[in-house]
Structures are given as C-alpha cells and as structure tokens.
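2 protein chains.
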Amino acid sequence: MQRKEISKAVLKRLPGYLSYLKSIPEDAGPYISATGLANALGMGEVQVRKDLAMVSNGGRPKIGYLRESLIEDISQFLGYDNTTTAILVGAGKLGQALLGYTGFAAYGLNILAAFDIQPAAAEVEGKQIYPMEQLETFCRQNKVLMAIITVPVQNAQTVCDRLIRCGIKAVWNFAPTHLDVPKGILVQNENMATSLAVLSMHLQAQIKDKK
Amino acid sequence: MQRKEISKAVLKRLPGYLSYLKSIPEDAGPYISATGLANALGMGEVQVRKDLAMVSNGGRPKIGYLRESLIEDISQFLGYDNTTTAILVGAGKLGQALLGYTGFAAYGLNILAAFDIQPAAAEVEGKQIYPMEQLETFCRQNKVLMAIITVPVQNAQTVCDRLIRCGIKAVWNFAPTHLDVPKGILVQNENMATSLAVLSMHLQAQIKDKK
C-alpha cells in the first residue's frame with residue numbers, strides 16, 4: 000500500500016499489536032476485528048481502527064482483518080521483514096547480554112559483531128568481538144547503518160562521532176548520557192541506569208512517606 | 000545531607016556522573032572538580048556544579064570533591080547502596096536475558112526470582128522460576144516492592160493489576176504497551192521493540208531518500 004506519514008505515537012503502538020497478533024492460537028480462526036484487538040489490549044476501538052488503517056488496507060466491514068495479512072502488513076511497515084544489520088560497540092556486561100539475547104531476530108535485528116578497546120573474549124554466543132581498530136573497515140565492508148553503544152559514559156560521544164564517520168545513520172544508545180549528533184542521524188536512548196534510578200527514587204519516597 | 004527535591008532531569012544525569020567517577024583510575028589523585036567532570040563528559044560547568052550541589056555538600060572551593068565521597072553521595076542519593084529487591088514476571092527470552100544480566104548489582108538491583116505461567120526451566124543463572132500461583136505468597140513473604148514485567152503485551156495489564164494487589168509500588172515495564180495504574184504506583188517503560196521500530200523506520204526513510 001501507499002506509504003503514509005505516521006506519527007511516533009502510532010509507531011509506538013504497532014509493536015504491541017504485532018506482539019498480540021502473533022500470540023493468537025492457530026485455532027482462533029483466520030480473522031480479527033479492530034474491536035477484538037481493542038478489547039484484548041484494553042484500548043479504544045477508534046484508535047485501533049485508525050492505527051490499523053495507517054498500515055493496512057486489508058480490513059473488511061463486519062469481518063475484520065485476515066490475521067496473517069495484518070501481521071505481514073505491520074511487520075513490513077516496521078521493517079521487521081527486512082533484516083537490519085547492526086554492530087555493537089562496548090562488549091562489557093550489558094554489551095554481552097545484548098549480544099546473547101536471541102529475541103532481537105523477531106524484530107528483524109541482526110547484530111553482526113561487537114567491538115571493544117580490549118576484547119575480553121574472541122566471541123560471545125557465536126558473535127565475534129573485534130578490537131576497535133577494525134571498526135572502520137568492518138562498517139564499510141558490511142555497509143552497516145546501525146550501531147548499538149554500550150560503552151562507558153565518558154567514551155560514548157567519541158565512539159558515536161567515530162561511528163558516524165563510518166557511515167552509521169541510527170544509534171541505539173545504552174550509555175546513560177546525551178549524545179550530540181548531526182542532522183539526519185537518529186539517536187534512540189535506552190537508559191536502563193536512569194530507569195532504575197527513577198524507580199528506586201520512587202520507592203525511597205514511598206518508604207519515607209510510610210515512616 | 001538534607002534531602003532536597005530533585006527534578007527528573009537532574010536524576011537522569013546522575014547515573015552518568017557516577018559511571019564516569021567510578022571509571023577514573025586510582026592513580027588520578029583523590030579529588031575531582033566540577034570543571035573536570037564537565038570537561039570529561041562534554042557538559043556545561045554550571046549545570047554540573049548545580050547538579051552536584053543537589054546531592055553532595057562535600058565540594059570545596061579550588062579543590063573540588065573527594066572522589067570517593069562523591070561516589071558515595073550519588074550512590075546513596077540514587078539508592079544504589081540500599082539494595083532494591085525485585086521480582087520478574089514472564090521468563091521468556093527477554094526475561095531470561097535480564098535474569099542473567101549481572102550488571103544490575105552495580106545499581107543496587109537484586110532480582111530475587113522470576114514467575115511464569117509455564118516455567119520452561121526451574122532456574123536461569125541461579126535464579127528460581129516459579130509458577131504464577133506462588134506470586135502472592137512470595138511477594139508478601141519477601142516484602143517485594145518492585146517488579147519487572149516481561150510478559151506478552153496482552154497479559155501485561157492483568158499481570159500489572161495482580162502485582163499491585165501483591166503490594167508492588169514500582170513497575171519496570173518491558174512489554175510494548177501502556178499500563179494503567181492507580182496513583183502512587185510508578186511505571187517506567189523500557190520499550191526495546193518500540194526503540195527498534197523507531198530506529199528501523201529512520202533507516203528505511205534514509206534508504207528511500209537515497210533512491
């Protein structure tokens with residue numbers, strides 16, 4: 000279908016629909032209605048209807064969507080069927096955990112290899128860990144566009160700048176710091192340390208209130 | 000020191016300072032100035048100075064902060080020295096990856112155990128996986144206040160409601176969906192599927208522009 004401009008809010012809901020659609024048992028019948036989806040996910044029917052119309056034109060009145068087609072439409076829209084290849088920089092604890100996480104494949108993400116200033120091992124879970132000197136060559140040879148940053152906070156900006164010079168256009172940043180990037184480069188922050196700080200701050204306040 | 004009200008923006012920068020401070024080699028001398036920190040992290044000096052004043056009163060003019068004390072002050076402020084115990088619900092791929100991630104200890108997070116409707120294994124990385132029936136008893140016996148949700152999107156709200164009835168006050172939600180909670184409960188969303196969707200959408204647009 001013709002690609003429409005989509006808001007970030009819609010984009011953020013699509014993985015939720017997809018995750019639900021994939022979980023429906025085979026024997027539930029081939030069709031799913033927007034109402035059915037809305038009820039299952041505790042969402043408004045109008046919103047679900049609008050969201051689905053953005054990514055699929057397979058909906059039929061009184062019948063709904065063919066589930067398999069809707070899964071395909073959303074996956075295609077999100078780019079999950081084109082595998083995105085990425086590299087990871089910083090093979091410490093978090094980096095190694097992400098390298099070993101097999102769930103990314105379902106989202107079309109394939110981490111090709113990792114890089115570290117001082118690789119502690121040659122590989123983790125079958126993924127090679129190379130010294131940083133090989134970053135430039137590897138990126139150009141493999142036409143890598145996406146990088147995952149899991150280096151310490153004080154190295155994150157330098158690493159990010161270097162990745163951009165290697166042709167990286169999208170950065171998934173797990174270092175708890177802001178990264179400055181030129182226009183056209185997207186940084187998506189995943190700040191687990193910050194999330195934990197916010198959560199434990201809330202718990203401390205709760206405990207204090209009780210005293 | 001007297002606890003001050005702190006903004007979420009400051010809170011989000013504190014883990015970055017801490018991560019840097021901990022990485023400074025022993026032989027660098029015992030003191031660090033706000034200017035030194037600002038330069039190392041590429042931040043404004045005034046902001047660093049203000050942030051540190053919120054959490055420590057150990058700064059001395061022309062000398063700076065005793066590094067060890069500043070680490071202690073920030074850690075204490077963020078609650079990293081009081082270990083927060085949490086449980087994890089949903090021991091699928093992501094759940095198991097988080098259970099096995101040893102880096103949380105540095106942030107004072109201890110995942111006691113996991114729960115699943117159908118545990119695929121009895122334990123992962125030394126952490127027990129219990130059937131959901133044991134959730135209530137476990138939470139009350141261990142006075143658990145924090146839970147990590149890694150269940151499929153369509154079960155997330157039900158699980159969240161059940162956790163709140165068990166006394167959970169802070170939820171770290173990895174399911175790509177919004178959760179409704181009563182006042183006083185904090186939900187922190189960590190949406191890796193959404194982050195990936197945003198990143199690959201950006202890459203698709205980049206590739207399309209090139210064509």
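Going line by line, the protein sequences match chains H and S. Residue 0 is where the first sequence starts when you use numbering that gives the first Met the number 0, and the numbers rise one by one after that. Residue 0 is where the second sequence starts when you use numbering that gives the first Met the number 0, and the numbers rise one by one after that. Using N, Cα and C, we set each Cβ at its ideal position, and we do this for glycine too.
Buried or exposed: residue i, going by 16 or more other Cβ atoms within 10 Å of its Cβ?
{"i": "glutamine 1 of chain S", "result": "Any reading at glutamine 1 of chain S must be qualified, since the residue scores a pLDDT of 47, below 50, and its modelled position is unreliable; no value is offered."}
{"i": "proline 181 of chain H", "result": "exposed"}
{"i": "glutamate 25 of chain S", "result": "exposed"}
{"i": "asparagine 141 of chain H", "result": "exposed"}
{"i": "aspartate 208 of chain H", "result": "exposed"}
{"i": "serine 101 of chain H", "result": "Residue identity differs from the one stated: residue 101 of chain H is threonine in this sequence, not serine. Threonine 101 of chain H should be labelled exposed."}
{"i": "valine 45 of chain H", "result": "exposed"}
{"i": "glutamate 124 of chain H", "result": "exposed"}
{"i": "lysine 11 of chain S", "result": "buried"}
{"i": "glutamate 132 of chain S", "result": "exposed"}
{"i": "asparagine 172 of chain S", "result": "buried"}
{"i": "glycine 43 of chain H", "result": "exposed"}
Using the C-alpha atoms, what's the distance from residue j back to residue i?
{"i": "glycine 107 of chain H", "j": "isoleucine 23 of chain H", "result": "20 Å"}
{"i": "threonine 83 of chain H", "j": "alanine 105 of chain S", "result": "32 Å"}
{"i": "glutamate 67 of chain S", "j": "leucine 20 of chain S", "result": "8 Å"}
{"i": "glutamate 71 of chain S", "j": "alanine 169 of chain H", "result": "35 Å"}
{"i": "tyrosine 79 of chain S", "j": "alanine 120 of chain S", "result": "30 Å"}
{"i": "proline 175 of chain S", "j": "methionine 145 of chain H", "result": "21 Å"}
{"i": "leucine 134 of chain H", "j": "isoleucine 116 of chain H", "result": "10 Å"}
{"i": "glycine 99 of chain S", "j": "methionine 191 of chain S", "result": "17 Å"}
{"i": "alanine 8 of chain S", "j": "serine 199 of chain H", "result": "15 Å"}
{"i": "leucine 118 of chain S", "j": "glycine 166 of chain S", "result": "Inspection of the sequence shows that residue 118 of chain S is occupied by proline rather than by leucine. Those two C-alpha atoms are separated by around 23 Å."}
{"i": "tyrosine 64 of chain S", "j": "valine 54 of chain S", "result": "12 Å"}
{"i": "phenylalanine 103 of chain S", "j": "tyrosine 30 of chain H", "result": "43 Å"}
{"i": "aspartate 257 of chain H", "j": "proline 14 of chain S", "result": "Lying before the first or after the last residue shown, residue 257 of chain H is absent from chain H, which here runs from 0 to 210."}
{"i": "leucine 185 of chain S", "j": "isoleucine 86 of chain S", "result": "15 Å"}
{"i": "valine 152 of chain S", "j": "leucine 40 of chain H", "result": "8 Å"}
{"i": "phenylalanine 114 of chain S", "j": "tyrosine 129 of chain S", "result": "5 Å"}
{"i": "glutamine 156 of chain H", "j": "leucine 93 of chain H", "result": "18 Å"}
{"i": "valine 150 of chain H", "j": "valine 88 of chain H", "result": "6 Å"}
Can you check whether the C-beta of residue i is within less than 9 Å of a C-beta belonging to chain S?
{"i": "glycine 57 of chain H", "result": "no"}
{"i": "glycine 41 of chain H", "result": "yes"}
{"i": "threonine 34 of chain H", "result": "no"}
{"i": "tyrosine 79 of chain H", "result": "yes"}
{"i": "aspartate 50 of chain H", "result": "no"}
{"i": "glutamine 1 of chain H", "result": "Only weak support is given to the placement of glutamine 1 of chain H: the predicted model assigns it a pLDDT of 47, under 50, and the question is left unresolved by the model."}
{"i": "glycine 89 of chain H", "result": "no"}
Which residues mark the beginning and the end of the alpha helix (DSSP H) in which residue i is found?
{"i": "aspartate 50 of chain S", "result": "44 to 54"}
{"i": "tyrosine 129 of chain S", "result": "Premise fails: tyrosine 129 of chain S lies in the beta strand (DSSP E), 126 to 130, not in any alpha helix (DSSP H)."}
{"i": "aspartate 160 of chain H", "result": "152 to 164"}
{"i": "phenylalanine 137 of chain H", "result": "134 to 141"}
{"i": "valine 180 of chain S", "result": "Valine 180 of chain S -> no alpha helix (DSSP H), and no H or E assigned at all."}
{"i": "leucine 93 of chain S", "result": "92 to 99"}
{"i": "glycine 102 of chain H", "result": "Looking at the DSSP string, glycine 102 of chain H is not in any alpha helix (DSSP H), and its letter there is neither H nor E."}
{"i": "arginine 12 of chain S", "result": "7 to 22"}
{"i": "glycine 58 of chain H", "result": "Note, glycine 58 of chain H: premise wrong, no alpha helix (DSSP H); not H, not E."}
First and last residue of the beta strand (DSSP E) that includes residue i?
{"i": "threonine 83 of chain H", "result": "83 to 88"}
{"i": "aspartate 72 of chain S", "result": "No beta strand (DSSP E) holds aspartate 72 of chain S; the alpha helix (DSSP H) holding it covers 66 to 77."}
{"i": "asparagine 188 of chain H", "result": "185 to 188"}
{"i": "alanine 112 of chain S", "result": "108 to 115"}
{"i": "alanine 146 of chain S", "result": "145 to 148"}
{"i": "alanine 169 of chain H", "result": "169 to 172"}
Verify the CB distance criterion: does residue i have a CB-CB separation below 9 Å to chain H?
{"i": "phenylalanine 114 of chain S", "result": "no"}
{"i": "glycine 107 of chain S", "result": "yes"}
{"i": "glutamate 44 of chain S", "result": "no"}
{"i": "leucine 125 of chain S", "result": "One detail in the question is off: residue 125 of chain S reads as glycine in this sequence, not leucine. Not closer than 9 Å to any Cβ of chain H, the Cβ of glycine 125 of chain S fails to qualify, so no."}
{"i": "methionine 53 of chain S", "result": "no"}
{"i": "phenylalanine 137 of chain S", "result": "no"}
{"i": "valine 152 of chain S", "result": "yes"}
At 8 Å on the CB atoms, spell out the chain B contacts of residue i, in chain order.
{"i": "methionine 131 of chain H", "result": "This model lacks chain B altogether; the protein chains it does include are H and S."}
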